[in-house]
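Structure, as structure tokens:
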Amino acid sequence: MASSWGRAHAIKAALLVGFILVVLLNFFSYHYDVKFDKLTHIKALSHTSSPLLWPKRTRSSSEVTNITHTQSATAISTNISTSTVEDPKLINISNISINTTAPQILNESLPMGLEHFTRSPEHPVTGSTKFIKSLMTTLGLNACPSVPPDLEGPIEVNITSDTIGNIERWLAPKLKPGGWFSPTECNAKDHVAIVVPFRDREPHLPIFLKNLHPFLQRQQINYGIFIVEQTVGNLFNRAALMNVGFKEASKMSHWDCFIFHDVDLLPMDDRNLYVCPDQPRHMSVAVDTFGFK
Numbered sequence: 001m002a003s004s005w006g007r008a009h010a011i012k013a014a015l016l017v018g019f020i021l022v023v024l025l026n027f028f029s030y031h032y033d034v035k036f037d038k039l040t041h042i043k044a045l046s047h048t049s050s051p052l053l054w055p056k057r058t059r060s061s062s063e064v065t066n067i068t069h070t071q072s073a074t075a076i077s078t079n080i081s082t083s084t085v086e087d088p089k090l091i092n093i094s095n096i097s098i099n100t101t102a103p104q105i106l107n108e109s110l111p112m113g114l115e116h117f118t119r120s121p122e123h124p125v126t127g128s129t130k131f132i133k134s135l136m137t138t139l140g141l142n143a144c145p146s147v148p149p150d151l152e153g154p155i156e157v158n159i160t161s162d163t164i165g166n167i168e169r170w171l172a173p174k175l176k177p178g179g180w181f182s183p184t185e186c187n188a189k190d191h192v193a194i195v196v197p198f199r200d201r202e203p204h205l206p207i208f209l210k211n212l213h214p215f216l217q218r219q220q221i222n223y224g225i226f227i228v229e230q231t232v233g234n235l236f237n238r239a240a241l242m243n244v245g246f247k248e249a250s251k252m253s254h255w256d257c258f259i260f261h262d263v264d265l266l267p268m269d270d271r272n273l274y275v276c277p278d279q280p281r282h283m284s285v286a287v288d289t290f291g292f293k
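And the structure:
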């Protein structure tokens with residue numbers, strides 16, 4: 001027992017030392033692009049910002065840098081217009097409007113004899129950068145954000161019929177065995193089991209899975225979907241199926257919370273997060289067939 005305990009700590013220590021070395025190497029490899037010129041003066045450096053568009057973060061054509069040079073015998077005048085976009089740090093779930101402002105720098109003078117001093121806008125993605133992210137995720141240091149960055153807000157529900165075989169082939173590359181999912185880019189904060197009582201709804205099940213899996217994956221949660229089917233010949237007992245789903249799912253993993261879901265209900269807004277709050281809550285307060293009342 002003591003030997004295995006010491007070996008485990010030695011492995012963790014070695015991983016930590018390797019992580020620190022990679023961070024230091026990556027830090028010192030960060031470079032600045034500096035361009036010197038014999039001309040002596042820069043008159044103005046201006047930045048203008050464009051607002052962040054909701055719901056998707058897209059890069060517009062106005063983000064391309066336009067540089068105009070006017071030269072004379074004694075000085076150079078450079079006008080630089082750069083559009084930048086900041087990612088929002090927090091999105092209010094109850095209010096979808098987002099207001100962001102990028103920093104502005106006006107009339108910033110530079111030392112004489114230096115025409116251009118520009119920093120690389122983005123640190124290039126290298127093998128060491130990917131290794132750092134992977135190592136941080138493995139060690140549990142790269143937690144997913146509270147508000148996932150890829151949410152779309154209101155979504156269009158796809159109710160076209162399909163076969164369960166087609167849905168399985170489409171989802172197989174994204175899922176673990178058994179239909180489980182965990183994000184690869186970060187460590188999920190919530191471990192959620194979704195229990196679905198089921199009987200005689202074969203046309204509904206492929207549509208349900210086709211819509212729910214992408215919906216949950218954008219929310220960056222660790223989840224598993226459990227379809228609990230009742231045998232034929234008995235009166236449908238939805239509550240009993242929920243209990244069975246709870247007990248069987250609990251045998252497979254430690255879940256932070258459970259969500260009991262109907263197979264014929266499809267979410268219409270991915271900001272309705274399937275996470276684990278402090279108190280139980282009703283996930284479907286407005287249904288289209290009831291006029292969203």
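Under the UniProt record's numbering, the first residue of the sequence shown carries the number 1, and numbering increases by one thereafter. Ideal placement from N, C-alpha and C gives every residue a C-beta, glycine not left out. Quick caveat: nothing in here was measured; it's all calculated off a predicted structure.
DSSP-derived helix/strand/coil call for residue i
{"i": "V23", "result": "helix"}
{"i": "V228", "result": "strand"}
{"i": "A286", "result": "coil"}
{"i": "E115", "result": "Its pLDDT being 38, under 50, E115 is placed unreliably by the model, and the measurement read from it follows with that caveat. In the structure shown, E115 sits in coil (DSSP, three-state: anything other than H, G, I, E or B)."}
{"i": "N222", "result": "strand"}
{"i": "G165", "result": "helix"}
{"i": "P206", "result": "helix"}
{"i": "R7", "result": "helix"}
{"i": "R281", "result": "coil"}
{"i": "V244", "result": "helix"}
{"i": "N211", "result": "helix"}
{"i": "A14", "result": "helix"}
{"i": "T293", "result": "Reading off the sequence shown, one finds Lys at residue 293, where the question assumed Thr. Residue state, collapsed to three classes: coil."}
{"i": "L52", "result": "Summary for L52: the model assigns pLDDT 37, below 50, so the residue's position carries little reliability, and this model does not support an answer."}
{"i": "L171", "result": "helix"}
{"i": "H47", "result": "Summary for H47: the model assigns pLDDT 40, below 50, so the residue's position carries little reliability, and this model does not support an answer."}
{"i": "L235", "result": "coil"}
Closest Cα partner of residue i within the set the options
{"i": "E202", "options": "L265, R271, T163", "result": "T163"}
{"i": "V147", "options": "R271, H9, L21", "result": "R271"}
{"i": "F246", "options": "F258, R7, L151", "result": "F258"}
{"i": "S187", "options": "V244, E152, V22, P145", "result": "Correcting the residue type first, residue 187 is Asn in the shown sequence and not Ser. Ranking the options by Cα distance to N187, first place goes to P145."}
{"i": "P149", "options": "E185, V23, N237, G233", "result": "E185"}
{"i": "L212", "options": "L15, F236, A240, L175", "result": "L175"}
{"i": "V157", "options": "D288, T231, E248", "result": "D288"}
{"i": "V232", "options": "S250, L241, V22, D200", "result": "D200"}
Whole-number beta carbon distance between residue j and residue i, since they are thought to touch under 8 angstroms
{"i": "V195", "j": "D256", "result": "Wrong, their Cβ atoms sit about 14 angstroms apart, outside the cutoff."}
{"i": "N222", "j": "D190", "result": "7 angstroms"}
{"i": "P154", "j": "M283", "result": "In fact, because the Cβ distance is near 16 angstroms, the residues do not count as touching under 8 angstroms."}
{"i": "F198", "j": "I225", "result": "F198 to I225, Cβ: 11 angstroms. No contact."}
{"i": "L209", "j": "I167", "result": "5 angstroms"}
Paired residues, beta bridge with residue i - DSSP
{"i": "C257", "result": "V192"}
{"i": "A143", "result": "N187"}
{"i": "D269", "result": "P154"}
{"i": "K176", "result": "W180"}
{"i": "P197", "result": "V228"}
Residue i Cβ short of 8 angstroms to the ligand PLP heavy atom set
{"i": "I20", "result": "With respect to the ligand PLP, the structure shown offers nothing to examine, as it has no ligands at all."}
Check whether the segment 200-217 and the segment 173-186 are in contact - that is, three or more C-beta pairs closer than 8 angstroms.
Taking a contact to require three or more Cβ pairs closer than 8 angstroms, the segment 200-217 and the segment 173-186 qualify as touching.
Pairs of beta-carbons, one from the segment 260-279 and one from the segment 203-210, closer than 8 angstroms: are there three or more?
Counting Cβ pairs under 8 angstroms, three or more are found: they touch.
Answer yes if the segment 247-254 comes into contact with the segment 273-283, meaning at least three C-beta pairs across the two stretches below 8 angstroms, and no otherwise.
The segment 273-283, when compared against the segment 247-254, does not touch it at the 8 angstroms Cβ threshold.
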